Every structure is written in C-alpha cells, then in structure tokens.
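Number of protein chains: 2
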Amino acid sequence: MSRVEPDLSALAFSRHDHDRCTATALHQAEAQAARDGLRLTPVRRRALEILLEAHRAMGAYEVLDRLAAEGFGRQPPVAYRALDFLVSHGLAHRIQRLNAYVACLHPAEPHAPVFLICRACEAVAEAPGARVRAALEAGAAAVGFTVERASVEAVGLCPTCSAAG
Amino acid sequence: MSRVEPDLSALAFSRHDHDRCTATALHQAEAQAARDGLRLTPVRRRALEILLEAHRAMGAYEVLDRLAAEGFGRQPPVAYRALDFLVSHGLAHRIQRLNAYVACLHPAEPHAPVFLICRACEAVAEAPGARVRAALEAGAAAVGFTVERASVEAVGLCPTCSAAG
DNA sequence: GCTTGACTGTTACGATATAACACATGATAT
DNA sequence: ATATCATGTGTTATATCGTAACAGTCAAGC
Ligand SMILES: [Zn+2]
Ligand SMILES: [Zn+2]
Ligand SMILES: [Zn+2]
Ligand SMILES: [Zn+2]
Chain A
0 MSRVEPDLSA
10 LAFSRHDHDR
20 CTATALHQAE
30 AQAARDGLRL
40 TPVRRRALEI
50 LLEAHRAMGA
60 YEVLDRLAAE
70 GFGRQPPVAY
80 RALDFLVSHG
90 LAHRIQRLNA
100 YVACLHPAEP
110 HAPVFLICRA
120 CEAVAEAPGA
130 RVRAALEAGA
140 AAVGFTVERA
150 SVEAVGLCPT
160 CSAAG
Chain B
0 MSRVEPDLSA
10 LAFSRHDHDR
20 CTATALHQAE
30 AQAARDGLRL
40 TPVRRRALEI
50 LLEAHRAMGA
60 YEVLDRLAAE
70 GFGRQPPVAY
80 RALDFLVSHG
90 LAHRIQRLNA
100 YVACLHPAEP
110 HAPVFLICRA
120 CEAVAEAPGA
130 RVRAALEAGA
140 AAVGFTVERA
150 SVEAVGLCPT
160 CSAAG
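In the order they appear, the protein sequences are chains A and B.
Letter by letter, the first sequence follows residues 0 to 164 in numbering that gives the first Met the number 0.
Letter by letter, the second sequence follows residues 0 to 164 in numbering that gives the first Met the number 0.
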C-alpha cells in the first residue's frame, strides 16, 4: 500500500497544518519504536513533542526546563539522555552550529539531511541531501577519505524572512 | 606571474615536508596581512603557528595553554580573541563538530571548504568544496532559501588509517 | 602633549556537557 | 517465589567551552 507523501523539505518555512504535522511525526516515531523494539518512554516521548512544537532547534537546557516544569527530573542528564536517544534513533537531529536539537519530520525514510537555518526567524528545515552527499563522497573518495558521518548546515534567510527584507 | 601550486587538499593525510608546509602558510598569512593592513601581532601569529604545527583541530583551551606557557596571557579571552581574528580573516577555520580550530593552508584563494576529519588520527584536511556548495545552493534555492554561510564537515577514515585497518 | 582606537590582559560569570552513583522496574533464571 | 540482570531515571558534582565587562598599554594623528 502506498500513499502520496507531502514534500516536507521546506515545511518549516511555510504555513501549514502544524497540528497534523506534529501528529504525523509522532505517529511515525511510535510506529518505528514498535517495529524496532525501542522504548519511547514518557520523558523521551515528551522531549520529542517539545522539539516538534516549533520548527526550530532547541538547546538541551531549554528542553530540560520544559521537562522539569512538567514533573520530570531537573538535572542536565535527564535532557541529554532523552535527546541522545532521539538522535541515535533518527527521531531528532543535532545541529552542530547551534549546539541544539531539532525534531525529524520523516524519521521513517533513511536520509542524510542538509539543514537550512534561518538566521532571522530561527526556523530549521531539513532539505534533501542526496546530491550534496554524492558530491561530498566523490570529493572525499578522490583523496582516499572514507566518509562515515557528515553534517551539512547552512545559515541564511528562509523565503518568508527573505521576502520581509 | 604564475606558478604551479601543489594540491593541498589532502596534504594533511599524506607524508610531506611539513616545515615547508607551515612556512608557506605563515608566509601567505603575512603577505595577506601586509596587503590588507591586518595586524598579525605576536599572540595572533603564535596562535597561527600553534595551529599549523599539526594538521588537526585544536580546542581554544589547548591553544591557550600553549600561549600561556610562552608568556602570553592565561585567560580564555586571550585565546578566543586570537582565534576569532584568524577565523574572521580566513587564516583559520572553526570546526563546528569539534568546537575546535584548524589552520587554513591556503588562505589566499577564496574558498568554501569541506572538512574531512579522521576519527582515528584526528587529522583534518580541507577538501575543495565547490561542487558540494553548488549542490547545496541548488537544493536551498529550490525551496526559496538563501544560503549565506555553510559548514560541511565529514567524519571518517583518512587513507592512512583506512589502510591500517 | 593629548586624544583616540586597537590590542592585550584581567576577573567574573554563563552556557554546554558528562562522570559517577543510587534507586526503581520489569524481564529472565533458578 | 526470589535472585539476578539490564535498562531507565533521578541525583550530585564537575568538566569543558565561551563571553561580558573593565583596566592598562601603546602607537598614530592632531
Ligand atoms: Zn509543522
Ligand atoms: Zn525565517
Ligand atoms: Zn603540513
Ligand atoms: Zn587518519
């Protein structure tokens, strides 16, 4: 059974039904957890929900404050562990430039994302990175380097903020 | 007048005349400083030399320790300011993944580098990034995003460590 | 000589991240 | 049933990375 998937690559930059957007992402996370035997515990699930609320990167301490306010632990490891879990299972990504984390909108499909970070509104979108990765791998292979992981992060202006001047 | 330039893209991964390698980079830095009216003061120059000693990224505090041992200030801003100067004038680059800095081997030519980081020997090489950038810009443009700055960093194995298993 | 601006140094603090340990809980294994 | 074990959650304490704010130096320009 197949279905037409909406293009999520610039969703963060455009007006959209965000309730549906987060519900879908959460549902996919649950499906993946069930399939792979992951334990999407209350803290972990709530951390993901918090990241999903806005299409921007949040620092660990920002997430921690939210978790603490809701009755979870209030010490750094609480947030770091939940975030590490999400990242290690592809449910969130770490933005190196910002020392921050962003929810993944399509954890199901394997992907090597490129992050587009708007410096004005702070929105972070995940763009398809296949071409970029291919170019990167080719360049690396030319000098005998084997790429295992890569981070590609661009800072600039999203369409909305660009139009606003 | 033109001259054949050696390919520096994988220099960090191969055996080479490193004294000559650092001397050249330092000479280029001095030339650039003279041309652009930059003040390559003792701390700044020494910080660059320290980064040039090894083809790897060094943390600010690591550089600071070295500077302090040589009679410069021993407080964090001393290192951060010198490193910020080097980075802002293209004489060094910041590696986001590592919260660390690496000397640039060819500051003269404008470039949008891709960093190849060996997880085994920690060497960091700067590979040509034109193709990667082009792909990145194209992908961003497709969703209306304007790229202003980008960081592309790959972690993996360099040819030497790869051969060593 | 005096002002000005860039540079270097300091103290003090803020922000980010991890080590190490105590306890709970649920799944085996005896 | 109860001992054992693995995983997860919470804690305290500490490590690592980064910056704000201010004081002193020194050379350039008036
Ligand atoms: Zn949304
Ligand atoms: Zn924006
Ligand atoms: Zn060298
Ligand atoms: Zn290596």
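All C-beta atoms, glycine included, are put in the ideal place defined by N, C-alpha and C.
What you are looking at is a predicted structure, and each value in this text was computed from that prediction instead of being measured.
Just measuring C-alpha positions, the residue of A:SER87, A:PRO158 and A:HIS110 sitting nearest ALA119 of chain A is A:PRO158.
In terms of beta-carbon proximity, ARG44 of chain B stays away from the interface with chain A, with every pair separated by 8 Å or more.
Residue nearest to GLY36 of chain A within the set A:HIS88, A:ALA141 and A:GLY58 is A:HIS88 (criterion: CA-CA distance).
Around ligand 1, the residues whose beta-carbon falls short of 5 Å from at least one of its heavy atoms are A:HIS17 and A:CYS20, given in chain order. Identification of chain B residues near PRO127 of chain A by a Cβ-Cβ cut-off of 8 Å yields GLY138, ordered along the chain.
One Cα belongs to LEU135 of chain A, the other to ALA153 of chain B, and the distance between them is close to 8 Å.
With the rule of 3 Cβ pairs closer than 8 Å, the region 95–104 of chain A counts as touching the region 50–66 of chain A. Contact between the region 64–83 of chain A and the region 120–131 of chain A is absent, with fewer than three C-beta pairs closer than 8 Å. Using a Cβ-Cβ cut-off of 8 Å, SER150 of chain A counts as an interface residue toward chain B, since at least one Cβ of chain B sits closer than that to its own. Separation of the CB atoms of ARG43 of chain A and PHE71 of chain A is rounded to 10 Å, and the pair is thereby denied contact status at 8 Å. Against chain B, a Cβ distance below 9 Å from CYS157 of chain A picks out VAL142, GLY143, PHE144 and THR145. HIS92 of chain A sits buried, since 16 or more C-beta atoms from the chains shown fall within 10 Å of its C-beta. With a cutoff of 7 Å, LEU25 of chain B does not count as near ligand 3, since its C-beta is closer than that to no heavy atom of the ligand.
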